[in-house]
Amino acid sequence: MAQIPNLDNAPLNFASLREQSQKELLNILKNFRGKKCLVLDPKLGGSLSLVVSTSVLKELGVELRHLSSEPILAECTRIIYIVRSQISFMKLISSHIQHDISKGLQREYSVYFVPRRTVACEKILEEENVHHLLTIADYPLYVLPLDEDVLSFELDLGYKEFQVDGDTSALWHIAKAIHKLEFSFGLIPNVRAKGRASASVADLLSRMQGEEPVNSSDIGASEINTLILLDREVDMITPMCSQLTYEGLVDEFLRVNNGSVELDATIMGVQQEGKKVKVPLNSSDKLFKEIRDLNFEVVVQVLRQKATSMKQDYTEMTTTKQTQTVSELKDFVKKLNSLPEITRHINLAQHLSTFTSKPSFLGQLDIEHTVVEAQSYDICFEYIEELIHKQEPIINVLRLLVLFSITNSGLPKKNFDYLRRELLHSYGFEHMATLNNLEKAGLFKKQDMKTNWPTIKRALQLIVEDTDTANPNDIAYVFSGYAPLSIRLVQHAVRSGWRPIEEILKLLPGPHLESKRGGYSSSSSIDAITGTPGNLDKVANGQRSLVLVVFIGGVTFAEISALRFLSAQEGMAYDFVVATTKIVNGRSLVETFMDNLG
């Protein structure tokens with residue numbers, strides 16, 4: 011299991027959120043005496059590893075299993091399922107119980123739904139004739155701290171469900187999670203939202219406040235000054251570009267899962283063939299905290315400097331042994347303590363370099379920049395056509411195709427039909443459902459109007475020439491020259507409000523709203539801000555205000571890095587906390603839309 015991140019330096023008391031989730035989980039397990047088998051759906055297994063350690067579970071007599079089609083082979087007579095409300099999981103649980111009955115096994119079963127049960131799931135259990143054999147309850151895990159400044163709602167498919175299936179249940183879940191945060195940290199007075207899903211969440215939040223008010227007099231002044239809700243749909247360009255920060259690249263090539271990455275032991279210098287090691291990546295690792303948000307080019311230099319400096323110290327120590335004072339020795343030993351961290355990141359960076367130095371990756375970066383700069387339609391079109399004919403991995407082709415389609419507001423009918431046909435011929439007709447999903451979500455479609463991307467790009471200064479990655483003065487360093495649109499919108503929201511860029515906001519998908527919420531429980535309506543300057547209220551006593559930025563549909567590590575960079579700028583009066591349905595990159599986002607027929 012992953013290392014549980016240290017939350018002591020979080021701007022809000024995230025530790026109490028985690029403790030609450032931990033307590034609720036342990037209470038469930040303590041309800042049942044003796045040995046028990048805890049069966050988790052695979053995704054939840056990773057999430058819960060950030061809530062409670064395996065050693066604690068073992069002390070409670072828990073055997074851990076992941077939910078699969080295989081029956082539960084364990085001596086326990088008490089089986090506890092903790093799963094998300096998905097119909098496929100209900101079918102697996104039913105098949106387990108039917109298998110046990112056929113073998114004459116007498117067991118007691120409980121199902122805990124995360125974060126709450128649904129009618130559809132209970133209906134399946136009834137149809138499978140096992141509902142009466144189960145005790146059913148909820149485990150209300152709505153939000154999970156991934157790090158000091160990042161919260162996750164753990165909704166992997168929320169974006170696809172909303173965009174393609176028209177399922178809005180994830181939006182209720184997000185509003186409920188934010189409302190729960192308000193019970194801990196106070197009613198958030200300012201709300202800004204952009205996009206269909208975000209506007210719905212703002213509305214739901216307002217209704218929840220009407221039905222179950224957060225009382226300001228009980229909690230005191232809100233610790234969060236402003237809530238900014240952003241739909242992923244508003245900016246699908248950023249995640250389709252290759253991230254160039256250290257943490258972003260680790261995710262692009264090695265996949266970060268619940269704050270750690272799993273690698274062959276040999277990569278990390280452990281000589282054991284075939285063995286995998288988990289490398290934790292969170293701010294408990296001081297060196298990682300220092301380098302995670304830097305452009306990868308700079309990370310290599312920083313690691314080289316640290317290794318050289320340590321080598322010099324070691325040489326000095328060995329040549330001047332006799333004259334060392336105790337405090338000098340102590341300093342040296344202190345430095346030596348950081349050696350495992352330096353070694354770990356040198357190994358990881360070296361492994362990453364094998365990917366980043368490939369001509370194919372450099373070519374990919376070039377074409378992404380060409381697409382985003384919207385200069386040469388024909389060059390981009392031919393490049394994608396060539397990728398299809400070379401049968402490059404379909405996920406890489408679709409990712410670039412989505413970027414190309416969005417920056418052009420779709421492709422002319424002739425080009426669209428041609429590329430669609432070529433894709434199906436080259437990769438097989440089982441990908442038809444995937445292409446339909448992408449079209450439904452507006453990610454790869456026929457052009458229905460002239461593109462407004464050049465106007466947006468120019469007005470928000472998204473292309474920054476001569477970006478200095480070593481001493482950046484703009485968020486564009488995270489993509490070596492492209493400033494993420496999503497973070498530019500946040501930057502405007504906190505600097506001067508959205509009023510001055512109203513016309514540009516109208517060119518982006520979905521409605522936008524700015525509102526003040528009353529500090530009184532009776533005020534459930536959202537009163538639109540009128541005439542007030544857009545700049546967020548700075549806290550009077552000189553403290554920095556806290557802004558909660560919620561990404562509905564996922565956020566990339568590069569965007570989180572850009573927000574941390576903004577927060578560190580001179581004269582910036584705000585700290586940012588990010589909450590997201592999940593951490594994504596272009597690859598994982600496109601994968602959620604992939605549906606193979608047959």
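The opening residue of the sequence shown carries number 11 in this note's numbering; numbering runs sequentially from there.
C-beta: ideal position from N, C-alpha, C; glycine also.
- Residues of the same chain with a CB within less than 6 Å of the CB of R88, apart from the 5 flanking positions on each side, are F42, K46, E118 in chain order.
- The beta carbons of R202 and S525 sit closer together than 9 Å.
- Under the DSSP assignment, C390 falls in the alpha helix (DSSP H) whose first and last residues are 387-399.
- When secondary structure is reduced to three states using DSSP, C131 falls in the helix class.
- When beta bridges are read from the DSSP output, E524 appears opposite R202.
- Beta-carbon to beta-carbon, I103 and Y91 are separated by about 6 Å, close enough to satisfy the 8 Å threshold.
- If you draw a straight line from the Cα of D274 to the Cα of M250, it comes to about 27 Å.
- In the three-state reduction of the DSSP assignment, F561 falls in the strand class.
- Under the three-state reduction of DSSP output, F123 falls in the strand class.
- Cβ-Cβ distances below 6 Å link N267 to G56 in the same chain, with the five nearest sequence neighbours on each side left out; the list follows chain order.
- Closest option to I352, judged by alpha-carbon separation, among M320, T325, S367: M320.
- In this structure, L197 places its C-beta atom within 9 Å of the C-beta atom of S232.
- Sorting R430, H355, L410 by C-alpha distance to the C-alpha of I389 places L410 at the top.
- A check of alpha carbon separations from E80 across F306, I511, I107 identifies I107 as the nearest.
- By the criterion of a C-beta distance shorter than 6 Å, E396 is surrounded by no residue of its chain, once the five residues flanking it on both sides are discounted.
- The beta strand (DSSP E) runs of length 3 or more contained entirely in the region 445-528 are, from start to end of the chain, 522-526.
- Take R127, set aside five residues on each side of it, and the residues of its chain with a beta-carbon closer than 7 Å to its own are S95, I146, D148, in chain order.
- Two segments are said to touch when three or more pairs of C-beta atoms, one from each, lie closer than 8 Å; by this definition the region 451-460 does not touch the region 222-231.
- As the crow flies, the alpha-carbon of T380 is around 51 Å from that of E132.
- CA-CA distance, E307 to T479, rounds to 8 Å.
- D245 has its alpha-carbon roughly 15 Å from the corresponding atom of K170.
- Taking the C-beta atoms as reference points, S496 is found nearer than 9 Å to E569.
- Annotation for V140: S104, I107 place their beta carbon closer than 6 Å to its own, counting only its chain and skipping 5 residues before and after.
- Rounded to whole angstroms, H183 and M218 show a C-alpha spacing of 12 Å.
- Annotation: L143 to D110 spans about 12 Å, alpha carbon to alpha carbon.
- Between the alpha carbons of V336 and A317 lies a distance of about 23 Å.
- Closest by C-alpha distance to F195, out of L156, V488, N235, R206, is N235.
- Note that the C-beta distance between L448 and V600 is below 9 Å.
- Nearest to L115 by C-alpha distance, out of P125, E85, L135, M100, is E85.
- The Cβ atoms of D241 and G563 lie closer than 9 Å to each other.
- Using a Cβ distance threshold of 9 Å, L429 and M442 do not count as a contacting pair.
- Annotation: the region 234-273 contains the following complete segments of the beta strand (DSSP E) (minimum length 3 residues), in chain order: 236-241.
- Judged by DSSP secondary structure, R94 falls within the beta strand (DSSP E) whose first and last residues are 88-94.
- Runs of beta strand (DSSP E) with 3 or more residues, each lying fully within the region 274-353, are found at 286-290, listed in chain order.
- Counting the other Cβ atoms within 10 Å of the Cβ of F365 gives fewer than 16, which makes it exposed.
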